[in-house]
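K.L.:
Numbering (full-length UniProt numbering), first residue to last: 1 to 433.
The beta-carbon is built from N, C-alpha and C at its ideal position, and this holds for glycine as well.
Since the structure is predicted, the reported quantities are computational estimates derived from the model, not experimental observations.
#1: According to DSSP, simplified to helix, strand and coil, what is residue 355?
#2: Let me confirm a value: residue 286 is counted as buried when at least 16 other C-beta atoms fall within 10 Å, else exposed. Which label applies?
#3: Could you have a look at residue 373 and say whether DSSP puts it in helix, strand or coil?
#4: Where does the unbroken alpha helix (DSSP H) through residue 86 begin, and where does it stop?
#5: Which of the three DSSP states, helix, strand or coil, is assigned to residue 406?
#6: Express the C-alpha separation of residue 149 and residue 175 in angstroms, rounding to a whole number.
#7: Alpha carbons only, please: which of 43, 76, 204, 24 is nearest the one belonging to residue 284?
#8: Hey, residue 434 and residue 266 are a contact pair by Cβ (cut 8 angstroms); roughly how many whole angstroms apart?
#9: Among 33, 69, 73, whose alpha-carbon lies nearest the alpha-carbon of residue 410?
#10: Please state whether DSSP places residue 165 in a helix, a strand or coil.
#11: 9 angstroms is my cut-off, CB to CB: does residue 393 come that close to chain D?
#12: Can you name, in chain order, every residue of its own chain whose Cβ lies under 8 angstroms from the Cβ of residue 40, other than the five neighbours on each side?
#13: Can you look up residue 202 in the DSSP assignment and give me helix, strand or coil?
#14: Given residue 4, which residues of its chain have a CB within under 6 angstroms of its CB, disregarding the five upstream and five downstream residues?
#15: Could you pull out every residue in the same chain whose Cβ sits closer than 7 angstroms to the Cβ of residue 217, ignoring the five residues on either side in sequence?
#16: Is DSSP giving residue 250 helix, strand or coil here?
#17: Compute the Euclidean distance between the alpha carbons of residue 137 and residue 336, then round it to the nearest angstrom.
#18: What is the DSSP secondary structure of residue 192, counted as helix, strand or coil?
#19: In or out: residue 202 buried (at least 16 other Cβ within 10 Å) or exposed?
#20: Does DSSP put residue 328 in a helix, in a strand, or in coil?
#21: Shortest alpha-carbon distance to residue 259 belongs to which of 45, 22, 252?
#22: Going by C-alpha to C-alpha distance, which of 57, 128, 366, 382 sits closest to residue 412?
#23: Need the endpoints of the beta strand (DSSP E) that residue 102 sits in, please.
#24: Only counting the same chain, and skipping five residues up and downstream in sequence, which positions put a Cβ closer than 6 angstroms to that of residue 387?
#25: Between the alpha carbons of residue 36 and residue 127, how many angstroms are there, rounded?
#26: Is the CB-CB distance between residue 292 and residue 377 below 9 angstroms?
#27: Could you give the distance in angstroms between the alpha-carbon of residue 251 and the alpha-carbon of residue 146?
#28: Do residue 298 and residue 192 have their beta-carbon atoms positioned less than 9 angstroms apart in this structure?
#29: Tell me which same chain residues have a C-beta within less than 8 angstroms of the C-beta of residue 215, skipping the five on either side of it?
#30: For the putative contact between residue 434 and residue 113, defined by C-beta atoms under 8 angstroms, what is the C-beta separation to the nearest angstrom?
#31: What residue does the alpha helix (DSSP H) around residue 400 start on, and which one ends it?
Following this line, the structure appears as structure tokens:
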């Protein structure tokens, strides 16, 4: 997003001599998108950013996917991942992510972490990491962020960074760090219709530049108590094939002959930032509004929306929950974060659930939800939705936590969870095999 910032020690003119107090040159790096034709920033390093001491394979784990075939709506229970303290011990936000859903444009991953991550950068696309619960410090070459519940952490492609969770129980945080990672194979930006032709957020946008938090910086190795001259490993996710590839992705571990936090200053329009979902101003109307009014970001072939607590439709004959709709061009993936989601009552969906409504399937409120919503004037709900314009496939984590029952939840009189919340005693259970 073209919102200029200048942080730290930069020269008055770009691409000119910029020297240390001892008279040595700083090393200027252009970090730019679309081959010098889009947003960029200039970073000034103490060390040559191209220097590497070693390169090794980084095993990404299981990033393979299987088709959602036969085409089936699904309920994925994310909180069944990392369910015990033992499963969460030693897990970090980078290497501990488990793949829920993915395609050639975007991957949706989930992690519950208690450990400092390695230094890392995504060389494939931008990342949008939503903080479901807990808190963390994110240290980047642009500066540092303190993130907590409800924050979207937006990280441009190739930004070196690491995650430091706030330990469960410290500083008033009673829950571990739960993060929902949206990894693009492209850039992630505010919707174009929210922006002027020069890149400013317009008056009709549901948020503005004042709502965005930039990095506190510059941030150097000595600022975090580390040795600026120490050899440091940085994990890099990138495209590739061969024996080490998983889902078309490969990982490399670079060892640099110095610490990555060596940027004394930077300026430009490309950098990480944070946006909190509480600062999204919902757009409402007399009758039910379509999902695009909830959009917050977009990438190539997908959009990100959020459904926040809001007043709802005020026409005297309005029906507040959505009408039934067919996603003829997209898969709809809803991550239920908080509140009481009116349209899904009776389906078994709750906090930590993901619903998968694939393109070609007509979906909408569960039986009885439409009538029960009439007269309701406020929805207390919070959800993050990703709509993709190519079919999503199921990752290993998605297959592990599929309840196998959700597809039958629109049959009147049938409780898909059974009378006691258990599986019903008869009928087909849907699977991914």
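P.N.:
Quick look at the numbers:
#1: Residue 355 falls in the strand class under three-state DSSP.
#2: Residue 286 counts as exposed, since fewer than 16 other beta carbons sit within 10 angstroms of its beta carbon.
#3: Residue state, collapsed to three classes: helix.
#4: 85 to 88 is the extent of the alpha helix (DSSP H) around residue 86.
#5: Here residue 406 sits in helix by DSSP.
#6: Note on geometry: alpha-carbon atoms of residue 175 and residue 149 lie some 10 angstroms from one another.
#7: Of the candidates 43, 76, 204, 24, the one whose C-alpha sits nearest the C-alpha of residue 284 is 204.
#8: The shown model of the chain, from 1 to 433, leaves out residue 434, and the question about it has no answer.
#9: Among 33, 69, 73, the Cα nearest to that of residue 410 is on 73.
#10: Strand.
#11: Note that chain D does not occur in the displayed structure, where there is just one protein chain.
#12: Contacts found: 30, 31, 32, 33, 268, 269, 270.
#13: Assigned with DSSP and collapsed to three states, residue 202 falls in coil, not helix or strand.
#14: When the five nearest sequence neighbours on each side are left out, the beta carbons in the same chain lying within less than 6 angstroms of the beta carbon of residue 4 are those of 269, in order along the chain.
#15: Excluding positions up to five away in sequence, the list reads 7, 8, 142, 143, 144.
#16: The answer is strand: DSSP assigns residue 250 an E or B state.
#17: Looking at the backbone, the Cα of residue 137 and that of residue 336 are separated by about 24 angstroms.
#18: Three-state DSSP puts residue 192 in a helix.
#19: Under this definition residue 202 is an exposed residue.
#20: The answer is coil: DSSP assigns residue 328 none of H, G, I, E or B.
#21: It is 45.
#22: Looking at the Cα atoms, 366 is the closest of the given residues.
#23: Following the DSSP letters along the chain, one finds residue 102 inside the beta strand (DSSP E) bounded by residues 98 to 102.
#24: 303, 330, 332, listed in sequence order.
#25: Distance from the CA atom of residue 36 to the CA atom of residue 127, rounded to whole angstroms, is 21 angstroms.
#26: The answer is no: Cβ separation not under 9 angstroms.
#27: About 27 angstroms.
#28: It is a contact, given that the beta carbons lie within the stated cut-off.
#29: These residues qualify, in order along the chain: 7, 140, 142, 143, 144, 145, 271, 272, 273.
#30: The structure shown does not extend to residue 434, since the chain is modelled only from 1 through 433, so no value can be given for it.
#31: 396 to 400 is the span of the alpha helix (DSSP H), which, as asked, contains residue 400.
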